[in-house]
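S.K.: Please find one structure pasted underneath; my questions will follow.
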Amino acid sequence: MGEGIFELKGKSAVVTGGSRGIGLMIAEGLVKAGVRVFISSRKAEVCDEVAANLSKDGECISIPADLSTASGIDHLGSELESQAPELHILVNNAGTAWGAPLEEYPPESFNKVWAVNVQAPFHLTQKLLPQLKAAASPEDPARVINIGSIDGLRVPALENYAYSASKAGIHQLSRHMASALVGHFITVNAIAPGLFPSRMTKFMFENEGAEQALASAIPLQRVGRPEDMAGTVIFLSSRAGSYVTGAVIPVDGGAATLR
Ligand SMILES: NC(=O)c1ccc[n+]([C@@H]2O[C@H](COP(=O)([O-])OP(=O)(O)OC[C@H]3O[C@@H](n4cnc5c(N)ncnc54)[C@H](OP(=O)(O)O)[C@@H]3O)[C@@H](O)[C@H]2O)c1
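This is how it looks when you write it as structure tokens:
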């Protein structure tokens with residue numbers, strides 16, 4: 003019964019923001035599991051280089067695009083239309099954050115955060131529906147996985163108003179789209195990561211002893227590791243996770259809910 007329940011060989015996946023941080027953790031995990039992975043991010047050179055590196059362990063293809071713009075989403079969508087007519091897994095991971103005091107929070111930063119964190123996952127999923135439907139079946143649904151945040155589950159200490167609101171937004175959007183797509187055998191779930199070292203969180207780790215201090219505030223006493231993120235995506239993408247839809251899964255060492 004349990005044999006091969008995490009098997010993913012032969013599937014195709016897209017990971018936005020797959021060039022570094024959490025997206026790279028996910029892309030690497032999927033490539034090593036035998037998935038043909040497309041990664042996308044703005045900096046073309048970096049995206050190409052990362053894809054070439056990951057291809058040492060399997061198959062990874064770079065399609066650079068700026069997902070804060072409609073033309074960037076269109077470009078990625080049309081490239082995938084020809085390169086992946088059947089798409090089993092879409093990971094909407096690319097994200098951006100902005101922090102500023104409430105009185106000074108700039109409207110243009112608010113718009114940018116929402117464009118990347120909420121609008122892009124919505125429009126990219128919309129655009130890729132034909133390929134997701136082509137891969138979906140009652141036995142083995144296609145999977146959409148949106149990367150939210152625990153900042154969308156509880157009020158964060160940082161003054162990142164647009165970010166926390168966008169993450170609460172992507173959680174609810176995931177449930178809403180799950181409801182719309184369940185009849186097509188496409189599951190939609192969100193992962194709400196806690197603290198993972200990445201460029202986005204680099205500033206928190208800069209002082210000596212910072213990681214230890216941060217870890218001691220997390221119930222499981224450590225920050226996130228690449229396998230925590232890759233493992234959750236592999237679960238949600240495989241037969242093991244095929245009955246899960248409309249869920250928001252915290253992967254945070256208990257940070258958002260435990261004491
Ligand atoms: N790290 C954490 O602790 C944490 C916690 C909770 C949630 N998250 C979420 O996890 C996701 C990944 O975050 P991260 O920490 O890995 O951040 P990161 O290190 O800053 O990586 C962000 C990725 O997204 C890409 N990206 C940014 N803006 C883009 C755009 N307009 N178009 C296309 N790609 C774009 C970046 O590449 P380019 O710059 O080249 O475009 C990069 O590949 C985000 O959704 C974030 O909110 C992170």
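The numbering of the sequence shown is my numbering, which starts it at 3 and goes up by one. Note that beta-carbon positions come from the ideal geometry of N, C-alpha and C, so glycine has one too.
#1: Is it the case that the CB of F198 approaches a heavy atom of ligand 1 more closely than 8 Å?
#2: Comparing alpha-carbon positions, which option in S70, I65, A99, S73 lies nearest A84?
#3: Evaluate the contact criterion for the segment 71-87 versus the segment 129-142: three or more CB pairs, one atom per stretch, below 8 Å.
#4: Just checking R50 against ligand 1 - is the residue's beta carbon closer than 8 Å to any of the ligand's heavy atoms?
#5: Which of helix, strand or coil does DSSP assign to T18?
#6: Could you check if N113 belongs to the surroundings of ligand 1, using beta carbon to heavy atom distance under 8 Å?
#7: Give the DSSP-derived three-state secondary structure of F207 in the structure shown.
#8: If you measure between the beta carbons of A212 and F8, is that distance less than 9 Å?
#9: Under the rule that 16 or more other beta-carbon atoms within 10 Å means buried, what is R38, buried or exposed?
#10: In or out: A72 buried (at least 16 other Cβ within 10 Å) or exposed?
#11: Below 9 Å between beta carbons: does that hold for A96 and A54?
#12: Nearest by alpha-carbon distance to T127: which of K58, R145, P140, E110 is it?
#13: When DSSP labels each residue in this structure, what does Q201 get in the three-state scheme?
#14: Kindly list the residues whose CB is nearer than 6 Å to the CB of G150, restricted to its own chain and excluding five residues on each side of it in sequence; keep chain order.
M.R.: This is what the structure gives:
#1: Distances from the CB of F198 to the heavy atoms of ligand 1 include at least one below 8 Å.
#2: The displayed chain sequence assigns Ser, not Ala, to residue 84. With distances taken between CA atoms, S84 lies nearest to I65 out of S70, I65, A99, S73.
#3: The segment 71-87 vs the segment 129-142: in contact.
#4: The question names Arg, but residue 50 in the sequence shown is Asp. D50 Cβ: outside cutoff for every heavy atom of ligand 1.
#5: DSSP places T18 in strand when its eight states are reduced to three.
#6: N113: no, Cβ never under 8 Å from ligand 1.
#7: In this structure, F207 counts as helix in the three-state DSSP scheme.
#8: Going by beta carbons, A212 and F8 fall outside the 9 Å limit.
#9: By the 10 Å Cβ count, R38 comes out buried.
#10: Under a 10 Å Cβ-count criterion, A72 is classified as exposed, with fewer than 16 other Cβ atoms of the shown protein chains found around its own Cβ.
#11: Contact: no.
#12: Of the candidates K58, R145, P140, E110, the one whose C-alpha sits nearest the C-alpha of T127 is R145.
#13: For the sequence presented, residue 201 should be read as Arg rather than Gln. Correct three-state label for R201: coil.
#14: In the same chain as G150, and ignoring 5 residues on each side of it, the C-beta atoms closer than 6 Å to its own belong to K169, I172, H173, A192, A194, in chain order.
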